[in-house]
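S.K.: Structure in C-alpha cells, see below.
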Ligand code: HEM
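Numbering (my numbering), first residue to last: 116 to 556.
Here it is as C-alpha cells:
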C-alpha cells in the first residue's frame, strides 16, 4: 500500500484529449506524453490519468480487476467510456465487468467470428454494398469519399445484418458521422446527437419489440436482432432491454469506426501513389496492409476506464474511483513497439496493433471491419484507380476525441461504368432524404 497520498506524486500535464480542429495535433501531444510521462495526470474534466505507451495501455486493458468499464450507480444515465462521462443509453457488454460481461460477449463472438463473416452472407453483402455505392458515383467522376462511400457502405452492411429496413441506414450512418465530423456545439452536430438519441431509443426498441413478437408467434426473424432475442443468457431468456443495449452498441461500435479507418487509408493512398501502385500490382499485400493502415491511422484515440481498486501503474498510484483515459492510438504510434511507427509499411508483420483494443473488450467486429475496409479501399483502387483528393475540400473531424479521421473528403476520378444490374439495385431505393439535407431545407 502507498504510504504517501497519491496526489503528492501526481505528474500533472497540460493536456486535453478533446483535440479541437486546427489546435493541438493528437500525434504530437501523445508523442510528448509517451516520452516524458507515460502515466500522466490532467486536471481537466474533473481530473483524469492518461496512459499512452504500448506496454502500459496493454497492462490496463488486460487488468479488468483494477479497471472497470461500468457506470457509476450514482449517475446511471452517463457512460464512463467517455471522459467526462456522457449521457448515452447503456451499451452491453462493453459497460459490464466480469462475470456479468462474459455470457453476453460470447454471443457476439459467435455471430461475428471470422468464420461467420467469411463463410456467411456478411462478406458477400459487404462486397455488394461496396459495388452498389461505387455505382452511384462512378459515372459522375466525383464524390465525397466519406458521405458517398465509406460512411453509407458500413451503415448498409451493419444495419442490414442487424435487420433494420433500408430507410434507416443512411440516416443513422450519417448522424454518427456528423456527430464527430462537426464541432460538438455546431448546429449539425447537435442535430446528429438528437437523431442518434431518438434512433437509439425509439427505432431500436420498435425493431427489438418486433423480434420478440415474431419469436412468440413462432415466426422468428432470421437476422442478428432476431438471433439475439432468441437467446438464453446465464439461464435466463433475453429481455427486450438487454437486446436493445446490445444492438445500440453494435451500431455505435461498428458504423463510423470502419468509415474513419477506410477514409484515412484512401487519403493516405492519395498522398502516396507508390503505395497505391504496389497494392494494385500485389493484391496479396492486403492481408497485412489493412492492419497497418489501422495501426497508422487508428479510428479510436482513447477509451475511458474507472479505477476499481488501488493499483500501481508505471510508477504511479491510481486510486479507486479515479478516471483513466487509455489511448489505443498512442499505443499504435509507440516507436518502442513499432519500428518506423510514423510510416506505413504495407507488409508489416507481425503487427500487434491496438486499434481494436486489447483484453476482454477487444473489438468483436474486427473481422467484419477488416472485410469492409479491404473491399471498400480495394474497390476504389480497382474502379477509380486515378482518384485524386481535392485537398482544399478535405476536412478532418472536428471532434477527434470522438473519432479520428476525416469529416469530408472530396475526390475526382475518370468516370467509369456501373457494375450491378438487376432487381437487387432496388434494395436501397427507399433511402429517405439525407438528415443533413432535410435539416438544411
Ligand atoms: C475499423 C473498425 C473498428 C474499430 C477501429 C473498432 C475499435 C474498437 C475498440 C478499440 C474497441 C474496444 C473498446 C474498449 O476497450 O472499451 C471496440 C469494441 C467493440 N466493437 Fe469495435 N471497432 C471497429 C469496428 C466494429 C464493428 C464493425 C463492430 C460490429 C458490427 C464493432 C463492434 C464492437 C463492439 C460490440 C465492441 C464492445 C466489445 C466488448 O465490450 O466486449 N466494432 N471496437
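Backbone N, C-alpha and C define an ideal beta-carbon position, used for all residues, glycine too.
1. Could you tell me whether the Cβ atoms of residue 177 and residue 474 are closer together than 7 Å?
2. Please specify which runs of the alpha helix (DSSP H), each continuous and at least 4 residues long, are wholly inside the stretch 435-522, giving them in chain order.
3. Taking buried to mean at least 16 other C-beta atoms within 10 Å of its own C-beta, is residue 386 buried or exposed?
4. Just to confirm, are residue 207 and residue 361 a CB contact at a threshold of 7 Å?
5. With a threshold of 6 Å on Cβ separation, who are the neighbours of residue 531 within its own chain once the five nearest residues in sequence on each side are excluded?
6. Given this structure, state the Cα-to-Cα distance separating residue 290 from residue 441, to the nearest angstrom.
7. Threshold first: 3 residues or longer. Then list the beta strand (DSSP E) segments lying entirely within the stretch 136-167, N to C.
8. Looking at the structure shown, is residue 549 part of a helix, part of a strand, or coil, going by DSSP?
9. Can you find at least 3 beta carbon pairs, one from the stretch 378-396 and one from the stretch 143-159, that sit closer than 8 Å?
10. Just to confirm, does residue 478 get its C-beta within under 6 Å of one of the non-hydrogen atoms of the ligand HEM?
11. Roughly how many angstroms separate the alpha carbons of residue 120 and residue 461, rounded to a whole number?
12. Rounded to a whole number of angstroms, what is the C-alpha to C-alpha distance between residue 124 and residue 434?
13. Return the CA-CA distance between residue 463 and residue 449, expressed in angstroms with no decimal places.
14. Quick one: residues in its chain with C-beta nearer than 7 Å to the C-beta of residue 163, no 5 flanking neighbours on either side, listed in chain order?
15. Buried or exposed: where does residue 116 fall if 16 or more other Cβ atoms within 10 Å of its Cβ makes it buried?
16. Rounded to whole angstroms, what is the Cα-Cα separation between residue 220 and residue 417?
17. Within the chosen definition, does the stretch 362-381 reach the stretch 423-433 through at least 3 CB pairs nearer than 8 Å?
18. Assign residue 233 to buried or exposed, taking buried as 16 or more other Cβ atoms, counted over all protein chains shown, within 10 Å of its Cβ.
19. Sort out for me which residues DSSP pairs residue 183 with in a bridge.
20. Helix or strand or just coil, what does DSSP make of residue 328?
21. Closest to residue 314 by C-alpha separation, out of 302, 167 and 280, would be which residue?
22. Compute every distance between the C-beta of residue 417 and the non-hydrogen atoms of the ligand HEM, then say whether any falls below 6 Å.
23. Kindly list the residues whose CB is nearer than 6 Å to the CB of residue 444, restricted to its own chain and excluding five residues on each side of it in sequence; keep chain order.
24. Using C-beta distances below 8 Å, list every residue in its chain close to residue 508, excluding the 5 sequence neighbours before and after it, in chain order.
25. Helix or strand or just coil, what does DSSP make of residue 393?
26. Could you check what DSSP says for residue 211 in three-state terms: helix, strand or coil?
27. Taking the straight line between their C-alpha atoms, what separation do you get for residue 240 and residue 150?
28. Look at the alpha carbon of residue 181 and the alpha carbon of residue 296, and state the distance between them as a whole number of angstroms.
29. Could you have a look at residue 312 and say whether DSSP puts it in helix, strand or coil?
30. Spatial neighbours of residue 407 within its chain, please: CB distance less than 7 Å, with the 5 preceding and 5 following residues excluded, ordered by chain position.
31. Could you spell out the range, first to last residue, of the beta strand (DSSP E) harbouring residue 426?
M.R.: According to the data block:
1. Taking the C-beta atoms as reference points, residue 474 is found nearer than 7 Å to residue 177.
2. Counting whole runs of 4 or more residues, the stretch 435-522 contains the alpha helix (DSSP H) stretches 443-447 and 481-498.
3. Flag for residue 386 reads exposed.
4. Taking 7 Å as the Cβ cut-off, residue 207 and residue 361 qualify as a contacting pair.
5. When the five nearest sequence neighbours on each side are left out, the beta carbons in the same chain lying within less than 6 Å of the beta carbon of residue 531 are those of 253 and 498, in order along the chain.
6. Roughly 26 Å separates the two Cα atoms.
7. Fully enclosed beta strand (DSSP E) runs of 3 or longer: 154-157 and 163-166.
8. Because residue 549 sits at a pLDDT of 42, beneath the cut-off of 50, its placement in the model cannot be relied upon, and the point is left open.
9. Three or more beta-carbon pairs separated by less than 8 Å are not found between the stretch 378-396 and the stretch 143-159, which leaves the two stretches without contact.
10. For the ligand HEM, at least one heavy atom lies less than 6 Å from the Cβ of residue 478.
11. Because the pLDDT at residue 120 is just 47, under 50, the model does not fix this residue reliably, and the value given afterwards should be weighed accordingly. If you draw a straight line from the Cα of residue 120 to the Cα of residue 461, it is about 47 Å long.
12. Distance between the alpha carbons of residue 124 and residue 434 is about 12 Å.
13. One C-alpha to the other measures close to 15 Å.
14. Correct list, in chain order: 157, 198, 438, 439 and 440.
15. Per-residue confidence for residue 116 stands at a pLDDT of 37, beneath the threshold of 50, marking its modelled position as unreliable; the derived number appears in the next sentence. Residue environment for residue 116: exposed (fewer than 16 other C-beta atoms within 10 angstroms of its C-beta).
16. When the Cα atoms are used, residue 220 and residue 417 turn out to be separated by approximately 21 Å.
17. The stretch 362-381, when compared against the stretch 423-433, does not touch it at the 8 Å Cβ threshold.
18. So residue 233 ends up on the exposed side.
19. Answer is 421.
20. The DSSP-derived three-state label of residue 328 is helix.
21. Shortest Cα-Cα distance from residue 314 to any of 302, 167 and 280 involves 280.
22. Checking every heavy atom of the ligand HEM against the Cβ of residue 417, none is found closer than 6 Å.
23. 413 and 416.
24. Cβ neighbours of residue 508 beyond the five flanking positions: 523, 524 and 525.
25. Here residue 393 sits in helix by DSSP.
26. Here residue 211 sits in coil by DSSP.
27. The straight-line gap from Cα to Cα measures roughly 44 Å.
28. Residue 296 has its alpha-carbon roughly 34 Å from the corresponding atom of residue 181.
29. If DSSP states are grouped into helix, strand and coil, residue 312 belongs with the helices.
30. Only 459, 460, 461, 463 and 466 meet the Cβ criterion.
31. Where residue 426 is concerned, the enclosing beta strand (DSSP E) stretches over 426-428.
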